[in-house]
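Whatever position you read off the sequence shown (first residue = 1), add 1 for our numbering.
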Amino acid sequence: MYNFKVTDEPFAVGYLSAESDSIYIRAGSGYVEAARAANIGFDFETGFPTLDFGNMACGSCFSSGQTPNFGLLEEKAKNHPELAEDYRYIASKMKMADTEGEIWRSFSENEIDISASHSGWAGTWGGHSVPDLIDFAVLGTDGIREKIAVFKDKDPDKSDFYKGLLLTLDAIDILGEKEYKSAVAEYEKTGNEKLLKSISAFRECPRKPACGFAEALCVYVLIFTLDGIDSPGHFDQYMYPFWEKTPYAEAREALEDIWKFFHKTRTWNLCISGSDKDWNDLSNELSYEILDVAVKYKFQTPNLTMRCHRNTPKKLWDAAAHAIASGIGMPVLYNDEAVCTALEELGITPEDSHKYVMNGCNQIDIQGMSHMGLEDGEVNLGLALSYALFGGYNIMCEKQVGALTADAEELDTFEKFRDALRAQIVHLCDGTCSMANKAQRIRAQYSANPIRSMTTAGCIEKGLDYKNRGPVYGHGQILFEGVPDAIDSLANIKKFVYDEKKYTLAEVRDAIKADYEGYGEMYRDFKNSGLNFGNDISYVDELGGELIDFCNGYLKTKKTERGGIYSGGCSPFDRAAANGIATGALPNGKKKGEHIFGDSIGATPGRDVKGPTALLSSCLKFDHTLPGSGFILNLKFERSVFSTPKGEESFIALAKAYFANKGQQLSVTVVSREELLHALDHPDEHRNLIVRVGGFSAYFVDLSRELQENVIARTYY
2 MYNFKVTDEP FAVGYLSAES DSIYIRAGSG YVEAARAANI GFDFETGFPT LDFGNMACGS
62 CFSSGQTPNF GLLEEKAKNH PELAEDYRYI ASKMKMADTE GEIWRSFSEN EIDISASHSG
122 WAGTWGGHSV PDLIDFAVLG TDGIREKIAV FKDKDPDKSD FYKGLLLTLD AIDILGEKEY
182 KSAVAEYEKT GNEKLLKSIS AFRECPRKPA CGFAEALCVY VLIFTLDGID SPGHFDQYMY
242 PFWEKTPYAE AREALEDIWK FFHKTRTWNL CISGSDKDWN DLSNELSYEI LDVAVKYKFQ
302 TPNLTMRCHR NTPKKLWDAA AHAIASGIGM PVLYNDEAVC TALEELGITP EDSHKYVMNG
362 CNQIDIQGMS HMGLEDGEVN LGLALSYALF GGYNIMCEKQ VGALTADAEE LDTFEKFRDA
422 LRAQIVHLCD GTCSMANKAQ RIRAQYSANP IRSMTTAGCI EKGLDYKNRG PVYGHGQILF
482 EGVPDAIDSL ANIKKFVYDE KKYTLAEVRD AIKADYEGYG EMYRDFKNSG LNFGNDISYV
542 DELGGELIDF CNGYLKTKKT ERGGIYSGGC SPFDRAAANG IATGALPNGK KKGEHIFGDS
602 IGATPGRDVK GPTALLSSCL KFDHTLPGSG FILNLKFERS VFSTPKGEES FIALAKAYFA
662 NKGQQLSVTV VSREELLHAL DHPDEHRNLI VRVGGFSAYF VDLSRELQEN VIARTYY
């Protein structure tokens, strides 16, 4: 066995010193050594513990598994020549865990071109999920050991998997003991009463179940931090049993503390309310307290979402509208009537479909039961349309990236052009699904995920890892971007080329290649045609509905390596402007270099001019029960609209009407145009100005200039 001298890479030392080749035992051993070496601290504002593992190049995370930072190892070797042999030994041996490197090496040349050209991407993100981390507070590590004991002797071939889980539980117990001792020592030194909840919690936790709300949160923070900071999920549901047996003042203080913790750690998505399979409302006292805390602090994180349905109480609708009116861009509203139907069409049972939560920006997951990619990849429909004009050739990077379809001169009917566009979409979907599946295979082979395997149903029962078909559900999600840009371009082509025959498709192709230089009349026709999605124009909307339903329907023919099927969605994160720049000119009047690009399923920013009802009507031409991921619609309202009870009531009526017609999601920014324009040049005066961006809330002044202009360009209602 190698005799390590380094002390700053405890996870790697444990991983490589394990007397087993099993990645599960190695990972568990790495957790044990890292726990022994960890420094325990506390956030004195909230009293919650912090974990400091030092500047480790090797560790474990839900997204990347045990992939090491090879650059940091080499930097350490150069800075500490006396230990260089150790660092380089670790680098050479940890290549067995280089999940991310193996994934990139597995991609074909065309798949790499798809990513490099912004035509799409897939596989390079390990994906969110919402495991039941609260199990550590509900059952304690001893309770989880008992659960493992029921299954570990049934299949001796899975013994290494179970040993890895048990080692990880030992590591968590080590951290709990250190948390208790550190909290006691810090309290004796500082007298900070916030530490009393950690002292109370870790006296017996995490071995034993937690008692009150504050204790459960302390345990949750420990595991949530160790897991890598992802999404809390259905917080008001699993925390309510602890809340209701805790005195209100104590529970409320702890809730405000956890809200500060979530904000400081840039926690992702927290969900409240919803319905069960019989459409009973699930909201409770904690649901309302969470909305109240969100308004009080006006943080841009965590990304708060609220599930709505036919029996959502008026009181909850009012509280949600009040929170949105505060300008935090939250809660984002989801419709159980659309989402649960979409999930059930994937084969998820009605009981489980009603357990859905949102993760990351807004992707959809079944809490504690699934690994559904979140997200597996994206496809840029703007570039797909460009490829239909150029036979798959990318004029921006001057390379064949799309499918080899017919030349523009041969596409003499609209049906032929539509089929060429569909062929490009199929090519990009096939490429992204292929990349995603390669990544899934490699992560299953290289990556051990003990924490999520212990808190996701199916893994312990099957003896299979969270990333190796362990979870009950293993579907996938590919997101479509540039939705309205592709629709508007398609509408202009149909009208001016095939209906009116004012231009040939070859002329349109040449104009796009020339960035409209010398084609001024065509540019003006396309720019000012008024054929813009989001204005309740049947001619446009029917084309759009057919296009996007084809996209979402085709994905459902593709299988994941996780044992499920793919479905679609739309959530650009912060990539809308970059996608627009990479796409170049389009037949909707967009020129090369312009970054105003679709940032949701709604209109290209600023192109919807007939009011919110018209926009929602257009969006309802899509079948919202086809996409199994977040199908976001960004809306922007002037503050004055929400400044009166009548204004809030009008918004609620609008949202209810959209949801009654199976719209999936609404994401709302409430801000004045003057504020945004002033913030461009005076950012220090608007540090707390929040807007919605591609599925999440962000401080406006922290966005790139291109994204800021995308937000400003959205129509004000």
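Cβ coordinates follow ideal geometry from the N, Cα and C atoms, glycine included.
What you are looking at is a predicted structure, and each value in this text was computed from that prediction instead of being measured.
Cα-Cα separation between residue i and residue j, rounded to whole angstroms
| i | j | result |
| --- | --- | --- |
| I173 | L677 | 46 Å |
| L532 | R715 | 17 Å |
| M57 | W105 | 23 Å |
| A276 | I325 | The residue asked about is misnamed: residue 276 is Ser in this sequence, not Ala. Cα-Cα distance, rounded: 21 Å. |
| G519 | D500 | 23 Å |
| N529 | G477 | 39 Å |
| P69 | P248 | 45 Å |
| S644 | A654 | 16 Å |
| S354 | D575 | 28 Å |
| E686 | L422 | 47 Å |
| F5 | G165 | 22 Å |
| E707 | A579 | 8 Å |
| A189 | A36 | Sequence check: residue 189 is Glu here, not Ala. Going from the Cα of E189 to the Cα of A36 covers about 24 Å. |
| A407 | D516 | 22 Å |
| I291 | L256 | 8 Å |
| D44 | P485 | 45 Å |
| E595 | G581 | 7 Å |
| G603 | F638 | 14 Å |
| T436 | S630 | Residue 436 is actually Met in this sequence, not Thr. Approximately 19 Å between the Cα atoms of the pair. |
| T342 | A85 | 57 Å |
| G695 | T100 | 28 Å |
| T350 | Y555 | 22 Å |
| H323 | G464 | 47 Å |
| D9 | G55 | 7 Å |
| V7 | V14 | 8 Å |
Same chain only: Cβ atoms within 8 Å of residue i, ignoring 5 sequence neighbours per side
| i | result |
| --- | --- |
| V380 | S120, G121, I426, L429, C430, T433, I479, L480, F481, E482 and C552 |
| A404 | Y388, G393, A424, Q425, V427 and H428 |
| P314 | D282 and S284 |
| R208 | G141, T142, D143, D174 and G177 |
| M370 | D353, K356, T457, A458, G459, P472, V473 and Y474 |
| L690 | G328, V672, E676, L677, A680, Y700, F701 and V702 |
| S618 | D537 and D542 |
Whole-Å CB distance - residue i paired with residue j, under 8 Å assumed
| i | j | result |
| --- | --- | --- |
| P613 | L636 | 6 Å |
| S107 | K439 | 4 Å |
| I41 | S183 | 4 Å |
| S698 | G234 | Not really, about 18 Å apart at Cβ, beyond 8 Å. |
| D466 | F12 | So it is not a contact: roughly 18 Å between Cβ atoms. |
| R693 | V702 | About 15 Å separates the two Cβ atoms, so there is no contact after all. |
| T584 | L384 | 5 Å |
Same chain only: Cβ atoms within 7 Å of residue i, ignoring 5 sequence neighbours per side
| i | result |
| --- | --- |
| A409 | L390, L506, A507 and R510 |
| D114 | K400 and V402 |
| K468 | H372, R444, A445, S448 and N450 |
| V498 | Y504, T505, L506 and V509 |
| A339 | H625, T626, K663, G664 and Q665 |
| N493 | F527, S530, L532, P588 and N589 |
| L412 | F418, A421 and L506 |
Cβ shell of residue i (< 6 Å), same chain only, five flanking positions each side left out
| i | result |
| --- | --- |
| I713 | L677 |
| V669 | I325 and L636 |
| K77 | Y88 |
| N395 | S118 and V402 |
| K179 | I41 |
| T226 | L52 |
| K278 | P351, E352 and H355 |
heavy atom of the ligand NAD below 6 Å from residue i C-beta
| i | result |
| --- | --- |
| I488 | You won't find the ligand NAD in this model; it holds no ligand whatsoever. |
*Does the count of Cβ pairs from the region 387–397 and the region 130–142 closer than 8 Å reach three?*
no
_Cβ contact check for the region 343–353 and the region 89–103: 3 or more pairs under 8 Å_ = no
*Starting from the N-terminal side, write out each stretch of the alpha helix (DSSP H) that is 4 residues or longer and does not extend beyond the region 135–218.*
136–139, 141–153, 160–191 and 197–203
*Just checking, does the region 439–459 make contact with the region 566–576 on the three C-beta pairs under 8 Å criterion?*
no
_Would you call the region 295–302 in contact with the region 358–373, where contact means no fewer than 3 C-beta pairs closer than 8 Å?_
no
*Is it true that the region 531–550 meets the region 655–664, where meeting means three or more beta-carbon pairs spaced less than 8 Å apart?*
no
*Please determine if the region 304–315 and the region 281–296 are in contact, where contact requires at least 3 C-beta pairs separated by less than 8 Å.*
yes
*Could you tell me whether the region 249–263 touches the region 147–157, where touching means 3 or more Cβ pairs closer than 8 Å?*
no
_Stretch pair the region 211–222 + the region 231–245: three plus CB contacts closer than 8 Å_ = yes
*Which full runs of the alpha helix (DSSP H) of 4+ residues lie inside the region 507–554, going along the chain?*
521–528
_Continuous beta strand (DSSP E) assignments of at least 3 residues falling wholly in the region 264–292_ = 270–274
*Return the chain-ordered ranges of every alpha helix (DSSP H) run that is complete within the region 625–674 and spans a minimum of 4 residues.*
646–661
*At 4 residues or longer, and completely inside the region 311–345: list those alpha helix (DSSP H) runs for me, N to C.*
315–324 and 337–345
*List in chain order: all unbroken beta strand (DSSP E) runs of 3+ residues lying wholly within the region 354–384.*
357–360, 364–367 and 378–381
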